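Student:
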Amino acid sequence: MSAVQDLFQQAQLAEAAYADFARFGTNVRGALQDASRNMTFSDAQATAFINTWQVIDHIPDTASDFSATIFRNIQTGAYSLAIRGSTSLTDFAADAALIVLDGTAVRQVVDLYNFWQRSTTRAGLTYVAAQVVPYFSPLTPSNAIRVGGSAYGIVFTNSSELADVTLRTATGVIPAGLGTINIVGHSLGGHLTMAFTRLFPALTTDALGINGLGFKLGNSTVDSLFSILGGVGANAFTYSKIQNIYGIAGPEFAAMNNFVLQQPGDFKGIYIESASPLLPIVGGHGAAQMTDSAALYSVYAKFAPNLTLEQITTLLKSASPIADRTLESALDALRIVLQGKTLAETNPTKYEGTDARDSLYRNIKALQDSAAYSALSGSAALRLSAQENADSLAQKAKNDFGWFLAVQELLPIAIEGGGSALIGANPDLYGRWSADRVKRIDGSSDLEFTNTYIADRAKMLAWWMVGNADDRGYGPTTGGENWQFLDVASGKAAYALSTASAIDQANTMAGDPKRLASMFDAEMKRDLGHRVGFGGDIGDQITGGSLDDRLYGMAGDDMLQGRGGNDLIEGGKDDDVLIGGKGDDSLNGGQGYDSYVWNTGDGNDVAIDSDRRGRIVINGSGLKLLVKQTPATWTTPDGKVTLTQGDTWKLTINGGGSLDLGASFTDGDYGIWRTESAAGGTLLRGDLKPIDFDITTPEENIHVDSFGNVEVTTTEVPGRNDRLYGRETADTIRGMGGSDILNGKGGNDLMEGGSGSDILV
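Last residue of the sequence shown: 1820 in this note's numbering, with the numbers rising by one and none dropped.
So this is what it looks like as structure tokens:
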């Protein structure tokens, strides 16, 4: 029975059996890429095949539509017999009907018998061959042996009498005494593969059917035919020699195992991307897609032999919410872990021409040739993300870099204890994760990947796995509200849906990411959707809704806006703008020059900033100077904002609302400074329109006072660039908007630049 590691080579041989090697002679590549025979081996796939396998013997179509090829492994010398299936839907239907009627493909089994005699008899000689004849015909030879209760008879004759010229003379390609051979075939070829084990039971065989048709086990025609041909009689398939794999996406109309036809051996399904009724997929029956799926099974089985076929199926199903991207996503997951995320994604295979599959096979080869794959292959502690819950994923991600990679990159796999192989492929990310790990051990909360970030990212991965498993793109939950987990950089989104309207709509969308996103936006407008948004390494804009949301900017200059609800917003690295909006929000700017924006009616927020840089903007104006009123209170000069020292330092705003700055405050934090007393004297302010002393000219005719200040009206001009000069006594000077120059001159002055880039002298 074929090990999972060997599925690809065997499936590839079954696909190669459809090539017409007789037509192309020594040009094996030409046969493997012959569009007239629907052969779609890619360049990379064909090159690897030619470097591994040598065509030893081939028979094209016989009268019964039988064709087979014997290959020899160039490295090991092992022989494999690959048997072709039907080449058209018409032939398949006819062959399947005869198998259902007779219990086996009688004529093709006889051709298989003769082909093996041809291959094992010394070259140039004839051999004793079998012929199928109508048993009840007046012309039937007297030595015909009736096949059970059927209308067939078998006559043994010299091979030179056979109707098929290609079967008349022996080739002798199989060396005398060969005791072991691998047999593989697709569809009808799979049926004949299993038949071979019963025809030649003395051979040690490893028979693999690919979507192979079964038999009528116990049928008298079946038992009689094998007995007549020298095989084993009644009910004598050796089940341990036989494995039949089928694609689970479509109905098993070929590889059925029921009252119509039965499978005489191990019978297991593997993941395939499509069950389209069109060629070359044919309801999930096509050979090429079985080969491509088997390639991924083998990649993972060789890398981590502890994985079972069923576990790899789970892995593949959880790799992508889009069926056409599943194999590529599963491959790219391992490439990211072992080769880094900067590699180009594998292009999806569409089975249209020889180049459509090339990206898949080129990337498989590059991965398997990589030092990291070689170092861990055969011993990798590979685990499946889909088998962990969110809490477990989060805890593991804090302590094992392989699990952190899975959570951060939303991968279906994690490699525990991968060491230098994983670090070498992802050095920057490892350095950042490792620094956080040391801080966690020391009890520090100044983390790039905070505990809340990892917890939410783990939830996204868990729901991503659920939505991918059946290509629905979402998982059902309870509570009457819906959740979207959105990775802005990649565009990936996982959904946990609870409302009937959302679930009903999502069930019609087949995992389509654009339609799901549009549906969820509508749910958010109806106050039925929460967003958990994740930024990337560049500046992102992430917006919440009216409910409680959680937004993470990470690196880059981000704009994060919670809107309604009690939101949690984390800026991460660089210079971010955090806008909590209505509700009581938690705002964590992280590292960099961050802006905390608060407007009247925004609720009671909490600001957390690891480096205390940045600024606080209230109702459009930057908060810069506070004047002492009591030992524990300071206010803005206009009295609209008050800083109070209690258990925490808190800014309160006239009209309601507050911003908690935490347990400590030092002058300069958030660009805020405290002064002992207010300045007196004249009030000067910017953003006012100058007086035009001559309205008859197009130019403004302005005058300045004795201190150099432009004489102005009371009309507001927001954002005007002003130059304001104080007196030799105390002044209060406010630049307001725009880029201003404020010069207090003598006296105890109070100067506020306002918004914009200001110079205070």
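Backbone N, C-alpha and C fix where the C-beta goes; we use that ideal spot for every residue, glycine too. Since the structure is predicted, the reported quantities are computational estimates derived from the model, not experimental observations.
Considering only DSSP beta bridges, list what Arg-1177 is partnered with.
Tutor: According to DSSP, which records beta bridges pairwise, Arg-1177 is partnered with nothing at all.
Student: Determine, using beta carbons only, whether Ser-1379 and Thr-1385 come nearer to each other than 7 Å.
Tutor: yes
Student: Just how far apart, CA to CA, sit Phe-1579 and Gly-1785?
Tutor: 57 Å
Student: By a C-beta neighbour count over all protein chains shown, 10 Å radius and 16 as the cutoff for buried, is Val-1206 buried or exposed?
Tutor: Residue environment for Val-1206: buried (at least 16 other C-beta atoms within 10 angstroms of its C-beta).
Student: Among Ser-1147, Glu-1507, Val-1665 and Ala-1581, which has the Cα closest to the Cα of Gly-1595?
Tutor: For the residues Ser-1147, Glu-1507, Val-1665 and Ala-1581, the minimum Cα distance to Gly-1595 belongs to Glu-1507.
Student: With respect to the beta strand (DSSP E) encompassing Asp-1607, which residues constitute its N-terminal and C-terminal limits?
Tutor: No beta strand (DSSP E) contains Asp-1607, which DSSP labels as neither H nor E.
Student: For Ala-1073 and His-1245, which I take to be in contact (beta-carbon distance under 8 Å), what is that distance rounded to the nearest angstrom?
Tutor: 4 Å
Student: Please name the residue, chosen from Arg-1257, Leu-1148 and Ser-1279, that lies closest to Ala-1210 on a Cα-to-Cα basis.
Tutor: Ser-1279
Student: Do Leu-1710 and Val-1700 have their C-beta atoms closer together than 7 Å?
Tutor: yes
Student: CB-CB under 6 Å to Pro-1200, same chain, minus the five flanking residues each way: which ones, in chain order?
Tutor: Val-1214
Student: Taking the alpha-carbon of Leu-1747 as reference, which of Gly-1236, Leu-1682, Glu-1775 and Pro-1572 has the nearest alpha-carbon?
Tutor: Selected option, being the one with the closest Cα: Glu-1775.
Student: Under a three-way DSSP split, which group does Leu-1226 fall into?
Tutor: helix
Student: Is it the case that the region 1455-1466 contacts the region 1413-1433, given that we only count it when at least three CB pairs across the two stretches are under 8 Å?
Tutor: no
Student: Which residue from Met-1583, Ala-1153 and Ala-1141 puts its Cα closest to that of Trp-1175?
Tutor: Closest option to Trp-1175, Cα to Cα, is Ala-1141.
Student: Between which two residues does the beta strand (DSSP E) carrying Pro-1010 extend?
Tutor: Nothing about residue 1010 can be reported from this structure: the residues present for the chain run from 1060 to 1820 only.
Student: On the criterion of 16 or more Cβ atoms from any shown chain inside 10 Å, does Ser-1765 qualify as buried, or is it exposed?
Tutor: exposed
Student: Start and end of the beta strand (DSSP E) containing Pro-1197?
Tutor: Unbroken run through Pro-1197: none, as it is neither H nor E.
Student: Under the three-state reduction of DSSP, which class applies to Glu-1369: helix, strand or coil?
Tutor: helix
Student: Could you check if Arg-1177 belongs to the surroundings of the ligand GDP, using beta carbon to heavy atom distance under 6 Å?
Tutor: With respect to the ligand GDP, the structure shown offers nothing to examine, as it has no ligands at all.
Student: Express the C-alpha separation of Arg-1131 and Leu-1435 in angstroms, rounding to a whole number.
Tutor: So the alpha carbons of these two residues sit roughly 29 Å apart.
Student: Leaving aside the five residues before and after Ser-1605 along the sequence, list all residues of the same chain whose C-beta is less than 7 Å from its C-beta, in chain order.
Tutor: Asp-1586, Arg-1622, Gly-1623 and Gly-1624
Student: Is the region 1474-1492 close to the region 1553-1564, with three or more CB pairs under 8 Å?
Tutor: no
Student: Specify, as a first and last residue, the run of the beta strand (DSSP E) that Ala-1555 falls within.
Tutor: Counting along the chain, Ala-1555 sits inside the beta strand (DSSP E) bounded by residues 1552-1556.
Student: Any contact between the region 1228-1245 and the region 1282-1289? By contact I mean 3 or more CB pairs, one from each, below 8 Å.
Tutor: no
Student: How long is the line joining the alpha carbons of Leu-1637 and Gly-1631, rounded to whole angstroms?
Tutor: 11 Å
Student: Would you tell me roughly how many angstroms separate the C-alpha atoms of Thr-1772 and Thr-1791, rounded to the nearest one?
Tutor: 19 Å
Student: Any idea if Val-1341 is buried or exposed, counting beta-carbon neighbours within 10 angstroms, 16 or more meaning buried?
Tutor: Because Val-1341 sits at a pLDDT of 49, beneath the cut-off of 50, its placement in the model cannot be relied upon, and the following sentence gives the value as read from the coordinates. Val-1341 comes out buried.
Student: Name the two residues that bound the continuous alpha helix (DSSP H) containing Asn-1510.
Tutor: 1510-1528
Student: Flag this pair as yes or no: are the beta carbons of Leu-1520 and Ser-1444 separated by less than 7 Å?
Tutor: yes
Student: Is it the case that the Cβ atoms of Val-1191 and Val-1169 are separated by a distance below 7 Å?
Tutor: Using a Cβ distance threshold of 7 Å, Val-1191 and Val-1169 count as a contacting pair.
Student: For Thr-1788 and Pro-1696, what's the separation of their Cα atoms in angstroms?
Tutor: 18 Å
Student: Can you say whether Ser-1504 is buried or exposed, counting buried as having 16 or more other CB atoms within 10 angstroms of its CB?
Tutor: Result: exposed.
Student: Determine contact between the region 1395-1406 and the region 1526-1546, defined as no fewer than three beta-carbon pairs at a distance below 8 Å.
Tutor: no
Student: Could you check what DSSP says for Phe-1080 in three-state terms: helix, strand or coil?
Tutor: helix
Student: Quick check on Val-1114: buried or exposed, where buried means 16 or more other Cβ atoms within 10 Å of its Cβ?
Tutor: It is buried - the Cβ of Val-1114 has at least 16 other Cβ atoms within 10 Å.
Student: Quick check on DSSP: helix, strand or coil for Ala-1722?
Tutor: coil
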